[in-house]
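Asks: Chains L and R supply the protein sequences, listed in that same order.
So for the first sequence, the working numbering puts the first residue at 1; every next one is plus one.
So for the second sequence, the working numbering puts the first residue at 1; every next one is plus one.
Encoded as structure tokens, here's the structure I'll be asking about.
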Amino acid sequence: MTWPIIVLFASFFLLLLLNVPVAFCMGISTICAIFAMGDLPAFTAVAHKITTGIDSFALLAIPFFILSGLLMEKGGIARRLIDAANALVGRFRGGLALVNILTCMLFGAISGSATAAVSAIGGFMVPLMNKKGYNCEFNTSVTVTAATTGLLIPPSNVMIVYSLATGGMVSIAAIFIAGYIPGILTGIALMVVSTIFSIKKNYGKGEIFSFKQTIVRLLEAVGPLLLIFIAIGGILLGWFTPTEASAVAVLYSFILAVPVYREVKLKEIPRLLLQTGVTTSVVFLLIGTSMAMSWIMASENLPQNISEALIGTVNNKILLLLIINALMLVVGCFMDMTPAILIFTPIFLPVIMKFGIHPLHFGIILIMNLCIGLCTPPVGTCLFLGCGIAQTTVSKVMRHILPFYAAMIAALLICTYVPGLSMWLPEQLQLVK
Amino acid sequence: MLLKIKKVLDMALESLIMISVAVLTLDVLWQVFTRFVLKNPCTWSEELAVFMIIWVALLGSAVALGRGSHLGVDYFISKLPEKLRIKSEILVFLLIAIFALTVFVIGGTNLVISIVHLGQVSPSLGIQVGYVYLAVPISGFFMTLYSVIAMTERWSVKDIQNTQRKDAI
């Protein structure tokens, strides 16, 4: 550890404890570290790093996926997916919990954010499940954890951030495709846990739909689900870049939400545009200042030093992955996903590559891990949003959500030690170099 | 008085952001349209989009600061007694103001000057790239302003309105 690095981390953690926004923590501690190097305060260089960090056409997919997610959230798309899921899995014991999880996965397949899923699906499913006699805290736990599967199932904004953080070593298309199997696996793990609970609590079975009714309900969901083929299919077929695909997703969800389903009025659009702009800015400022911070870390050889230290002490891949997983679980409890990805990817990437772990596989591990962090206190965006929507408290939910954590950790460990689950699909589609 | 300034500032910046996000979306859709339908891909759309997102992101960062939407770790601070918490919040905004002033305003101005001096012109739109980077000092100015407003608010008023819903992506 060199002196500037010590200053960098010490000031970073101090600022973090003070509740300085993470983006500013990174910026200010970068300035402190430059001071510690004994250089002149390189304000201009830092300003330059911040702007070049956000000066990218690929990053534009983020605001567009945020906007299309908002349109889907308000546009009655979740309800049509719920109907389709209900026709498929509603009939089993604890059917509504399964419907909830399946809808989150379907919603995740057309939208890139987990918070949109929590409010769109939770806002409808939690009251419905409460009415049918399911425990409110159980319902909250199901919604909150299932919503994170959408971050693994593409499109996904955090994957775009990861692709950027690897410096383009992993393409957006590759990490998108890599997420399908781990995302579905997590969803299945959550379904298993919720079924066990439903049997224990003797929750009811849903109605059984006739074949014809099932078909009608599935057809209703074709509109929204067509977006999978337009966006992801369009990227794979080389029709669109990910950014163009995300803009097309905005147009498509606008058409569904405004003229077709008539759930969003035109005069509501400016508010959605503003929310998109502000949420985007939060993410982009994080990206900008994290670029400045990783520039300092790289110039002090921090990643290389860490990998040398680790290679000296940890000599196998299994142990290394276990250490990284444990560390990231703790980080995820305290930090949101985007800053955690931006800070830790440049530090760990050289390390895991020395151990022969593919950056694509590592990205999936990192995201799965931080997904758990979105559902844990003290900092868990999805958990808090879900508790707000269900009108319950985090402390009440804790006892009920623990088994769902176990399911997510189980899925994480399987994907950690079976690289094929992440690598096979992108390899088949020749997206891996 | 202060609230009034903040309201006007919010309105102006927010409308600018709304319009920019709308234009940004149409711009990229136009790019897709020209390639698929007109078979004559638009040359300037990508450049315009990147320039606009720089402005949206930087001005939006200032608005987000005013709304308290930036992601932070408020767990430890929330354990402090009320008075101490407000004092530490004032300190936080002071740090942000210093950062915005030194890096965004001073550093950003130097950046603009040096790039304009190089005379770098964007390839397809023919805009001086230096002017695009004007977003840095301008947003820095607004960030400083919002921090000062937030500090004065906390200095005088006893109770502060809660922050809004934070959105992770």
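Quick reminder that beta carbons are idealized off the backbone N, C-alpha and C, glycines included.
#1: Considering only the alpha carbon of each residue, which of L:361, L:335, L:364 and L:363 lies closest to residue 378 of chain L?
#2: Counting contacts by CB-CB distance shorter than 8 angstroms, is residue 151 of chain R in contact with chain L?
#3: Answer yes or no: do residue 103 of chain R and residue 47 of chain L have a C-beta to C-beta separation smaller than 8 angstroms?
#4: Pull up the DSSP beta-bridge partners for residue 121 of chain R, would you.
#5: Going by DSSP, what residues sit across from residue 93 of chain L in a beta bridge?
#6: Taking contact to mean 3 or more Cβ pairs, one atom from each stretch, closer than 8 angstroms, check whether the stretch 55-74 of chain L and the stretch 107-124 of chain L are in contact.
#7: Over the uninterrupted alpha helix (DSSP H) stretch that includes residue 378 of chain L, give me the two end residues.
#8: For residue 171 of chain L, does the three-state DSSP call read helix, strand or coil?
#9: Does the stretch 421-433 of chain L come close enough to the stretch 322-342 of chain L to have 3 or more Cβ pairs within less than 8 angstroms?
#10: Along chain R, in chain order, which residues have C-beta atoms closer than 9 angstroms to that of residue 250 of chain L?
#11: Can you tell me the Cα-Cα spacing of residue 355 of chain L and residue 315 of chain L, whole angstroms?
#12: Closer than 8 angstroms, CB to CB, is residue 4 of chain L near chain R or not?
#13: Does the beta-carbon of residue 210 of chain L have 16 or more other beta-carbons within 10 angstroms, so that it is buried, or is it exposed?
#14: Of the residues R:57, R:129, R:155 and R:29, which one's Cα is nearest the Cα of residue 13 of chain R?
#15: Who are the neighbours of residue 21 of chain L on chain R, taking C-beta pairs under 7 angstroms?
#16: Could you say which of L:119, L:305 and L:63 lies nearest to residue 77 of chain L if we only look at CA atoms?
#17: Under 8 angstroms Cβ to Cβ from residue 135 of chain L, same chain only, skipping five residues before and after it: list those, please.
#18: Anything in chain R within Cβ reach of residue 159 of chain L, meaning under 9 angstroms, just list it in chain order.
#19: Return no unless some Cβ of chain R is closer than 8 angstroms to the Cβ of residue 336 of chain L.
#20: What residue from L:145, L:153 and L:411 has the CA that sits closest to residue 189 of chain L's CA?
#21: Kindly list, in the order they appear in chain L, the residues whose Cβ is closer than 7 angstroms to that of residue 141 of chain R.
#22: Could you check where the alpha helix (DSSP H) with residue 44 of chain R kicks off and where it finishes?
#23: Compile a chain-ordered list of the residues in the stretch 95-111 of chain L whose CB is closer than 7 angstroms to at least one CB of chain R.
#24: At 9 angstroms on the CB atoms, spell out the chain L contacts of residue 67 of chain R, in chain order.
#25: If you compare alpha carbons, which of L:404, L:228, L:144 and L:309 is closest to residue 382 of chain L?
#26: State buried or exposed for residue 393 of chain L, treating a residue as buried only when at least 16 other CB atoms are found within 10 Å of its CB.
#27: Tell me which same chain residues have a C-beta within less than 7 angstroms of the C-beta of residue 431 of chain L, skipping the five on either side of it?
#28: Considering residue 72 of chain L, what are the terminal residues of the alpha helix (DSSP H) in which it resides?
#29: Closer than 6 angstroms by C-beta to residue 4 of chain L: which residues in its own chain qualify, once you throw out the five before and the five after it? Chain order, please.
#30: May I ask you to report which of helix, strand or coil DSSP gives residue 261 of chain L?
#31: Using the three-state DSSP reduction, which class does residue 414 of chain L fall into: helix, strand or coil?
#32: Could you check whether the Cβ of residue 111 of chain R sits closer than 8 angstroms to any Cβ belonging to chain L?
#33: So, is residue 313 of chain L buried or exposed, given that buried needs 16 or more other C-beta atoms within 10 angstroms?
#34: Suppose the cutoff is 6 angstroms on Cβ atoms and the five residues either side in sequence are ignored; what does the same chain contact list for residue 124 of chain R look like?
#35: For residue 136 of chain R and residue 127 of chain R, which I take to be in contact (beta-carbon distance under 8 angstroms), what is that distance rounded to the nearest angstrom?
Replies: A quick look at the data gives this:
#1: Taking residue 378 of chain L as reference, the option from L:361, L:335, L:364 and L:363 with the minimal CA-CA separation is L:335.
#2: Among the residues facing chain L, residue 151 of chain R is not included, as its CB has no counterpart in that chain under 8 angstroms away.
#3: In this structure, residue 47 of chain L lies closer than 8 angstroms to residue 103 of chain R by Cβ.
#4: Answer is R:128.
#5: Answer by DSSP bridge pairing, in chain order: L:205.
#6: Yes: the two stretches touch, three or more of their Cβ pairs being nearer than 8 angstroms.
#7: Per DSSP, residue 378 of chain L belongs to no alpha helix (DSSP H) and is neither H nor E.
#8: Per DSSP, reduced to three states, the secondary structure at residue 171 of chain L is coil, with no helix or strand assignment.
#9: The stretch 421-433 of chain L vs the stretch 322-342 of chain L: no contact.
#10: Contact of residue 250 of chain L with chain R by beta-carbon distance below 9 angstroms involves 25, 28 and 29.
#11: Near 9 angstroms, if we compare the C-alpha coordinates of residue 315 of chain L and residue 355 of chain L.
#12: For residue 4 of chain L, the answer is no, since every Cβ of chain R falls outside 8 angstroms of its Cβ.
#13: Burial is judged here by how many other beta carbons sit within 10 angstroms of a residue's own beta carbon; residue 210 of chain L has fewer than 16 and is exposed.
#14: When each option's Cα is compared against that of residue 13 of chain R, the closest is R:57.
#15: Residues of chain R whose Cβ lies closer than 7 angstroms to the Cβ of residue 21 of chain L are, in chain order, 70, 71 and 72.
#16: Out of L:119, L:305 and L:63, L:119 has the C-alpha closest to the C-alpha of residue 77 of chain L.
#17: Within the same chain, residue 135 of chain L has close Cβ partners 201 and 400.
#18: In chain order: nothing, as chain R lies at least about 10 angstroms away.
#19: Yes, contact with chain R.
#20: When each option's Cα is compared against that of residue 189 of chain L, the closest is L:411.
#21: By Cβ distance, chain L contributes nothing, its closest Cβ being about 13 angstroms from residue 141 of chain R, past 7 angstroms.
#22: Where residue 44 of chain R is concerned, there is no enclosing alpha helix (DSSP H), given that its DSSP letter is neither H nor E.
#23: Within the stretch 95-111 of chain L, no residue qualifies.
#24: Per Cβ cutoff of 9 angstroms: 278.
#25: The residue with the shortest Cα to Cα distance from residue 382 of chain L is L:144.
#26: Classified as exposed, residue 393 of chain L has fewer than 16 neighbouring CB atoms from the shown chains inside 10 Å of its CB.
#27: Only 171, 173, 174 and 177 meet the Cβ criterion.
#28: 61-74 is the extent of the alpha helix (DSSP H) around residue 72 of chain L.
#29: So the qualifying residues of the chain are 33, 36, 37 and 300.
#30: Taken through DSSP and simplified to helix, strand or coil, residue 261 of chain L comes out as coil.
#31: In the structure shown, residue 414 of chain L falls within a helical segment according to DSSP collapsed to helix, strand and coil.
#32: By this cut-off, residue 111 of chain R is an interface position.
#33: Exposed: under 16 other Cβ atoms inside 10 Å.
#34: Cβ neighbours of residue 124 of chain R within its own chain (closer than 6 angstroms, five residues either side excluded): 43, 44 and 47.
#35: About 16 angstroms separates the Cβ atoms of residue 136 of chain R and residue 127 of chain R, ruling out a contact at the 8 angstroms cut-off.
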